[in-house]
Amino acid sequence: MKKLSLTALISVLLGLLAYSAIFLWQKGRIDQLHAHATAAEWLSSEFELDAAQRQRIATLHREYFPECEDHCVHYTDTRHTLATITDDPDLDNSPEHVLAAKKLAELEKEADKRFIDFVYKVAAEMNPAQSKRYLQMMKSWLEHTTGRGGE
Amino acid sequence: MRGYSRSLAFYPMNNLIPPMNSKPDDTTPSANKHFDAALQSLQNRPPGVDLSHFEHEVWSEIAMRDEDATADRTGWFSAGFALPNTALAACCVFAIAIGSLFGITRSQAYDKAAKMADERRYVESIHPVMMSANHSAPARR
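First to last, the protein sequences are chains A and B. When you read off a place in the first sequence, starting at 1, and then add 152, the result is the number in the working numbering. When you read off a place in the second sequence, starting at 1, and then add 59, the result is the number in the working numbering.
Following this line, the structure appears as structure tokens:
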């Protein structure tokens with residue numbers, strides 16, 4: 153019985169040692185690979201873009217980023233205004249409340265439209281296989297975030 | 060305890076049981092003659108070779124059993140290694156294989172999660188609503 157328990161103990165320790173060694177080794181490698189990767193670097197490695205594609209897509213990103221950030225700030229402001237109105241019982245169902253809610257919905261719709269336009273511009277720079285996979289991936293993110301799929 | 064029996068196995072039995080046929084207090088000339096002869100025989104006998112084959116076997120057996128009993132009480136740890144070598148090796152190999160398999164599976168899940176985080180970071184950089192999720196307070200009033 154002692155022999156059996158000793159064997160089990162040694163086996164469990166060896167199993168844990170093997171698990172830890174492999175996981176920690178792989179974790180270090182994965183962390184090193186992903187820790188400093190920018191969004192553009194991720195796109196480039198994920199879709200195996202060549203230098204010319206990288207260059208054109210980087211230009212598209214540079215042109216789109218200020219517009220996207222401006223829209224993002226506008227959306228954040230409107231959401232904050234709506235939250236303030238919602239917290240005030242006196243403004244419940246007031247014209248300001250309705251207006252802010254309507255504006256937020258319009259901004260969400262506009263954000264989706266800009267996103268889809270940009271995604272199609274990027275996909276146009278890829279080859280057909282890359283483009284198909286990229287569009288499917290972005291569509292699933294759009295469905296996941298907004299509950300609506302891009303048509 | 061260990062070692063006493065083995066020592067006895069090589070100790071001449073004639074030293075423990077003197078070869079006297081007469082009573083100890085018998086002082087007759089005949090008894091003295093026998094005593095002198097026995098004493099002479101003892102003195103002339105080389106040490107350590109007096110045991111008969113049977114006596115030697117008996118004491119050896121006792122010594123071996125004595126050592127086995129001692130080993131059973133104190134040597135369970137080494138016995139655990141010594142007995143099922145093949146089974147122990149098989150268990151160790153199996154445990155290493157299972158541990159490695161779990162390590163690889165966990166690493167793949169970790170890699171997938173890291174890739175998903177990169178993907179999310181990319182989408183957040185191009186979707187205004189998702190980008191705003193990182194803005195807890197309004198940036199411009």
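Backbone N, C-alpha and C fix where the C-beta goes; we use that ideal spot for every residue, glycine too.
- Per DSSP, the unbroken alpha helix (DSSP H) holding GLU178 of chain B starts and ends at 144 to 185.
- Taking the C-beta atoms as reference points, THR228 of chain A is found nearer than 7 Å to SER191 of chain B.
- Residues of the segment 200 to 212 of chain A with a C-beta atom less than 8 Å from some C-beta of chain B do not occur.
- In this structure, B:VAL188 is the residue among B:VAL188, B:CYS151, B:GLU120 with its C-alpha nearest to the C-alpha of LEU256 of chain A.
- Residue-level contact by beta carbon holds for ALA263 of chain A and chain B, with a gap shorter than 7 Å.
- With fewer than three CB-CB distances shorter than 8 Å, the segment 146 to 164 of chain B does not count as touching the segment 239 to 256 of chain A.
- The Cβ atoms of ALA160 of chain A and SER159 of chain B lie no closer than 7 Å to each other.
- Taking the C-beta atoms as reference points, TYR216 of chain A is found no nearer than 7 Å to PHE267 of chain A.
- For chain B, the residues of the segment 163 to 183 of chain A that bring a beta carbon within less than 9 Å of one of its beta carbons are SER163, VAL164, LEU165, LEU166, GLY167, LEU168, LEU169, ALA170, TYR171, SER172, ALA173, ILE174, PHE175, LEU176, TRP177, GLN178, LYS179, ARG181, ILE182, ASP183, in chain order.
- In this structure, GLU277 of chain A places its C-beta atom within 7 Å of the C-beta atom of ILE209 of chain A.
- Secondary structure note for GLU219 of chain A: its alpha helix (DSSP H) is the uninterrupted segment 203 to 239.
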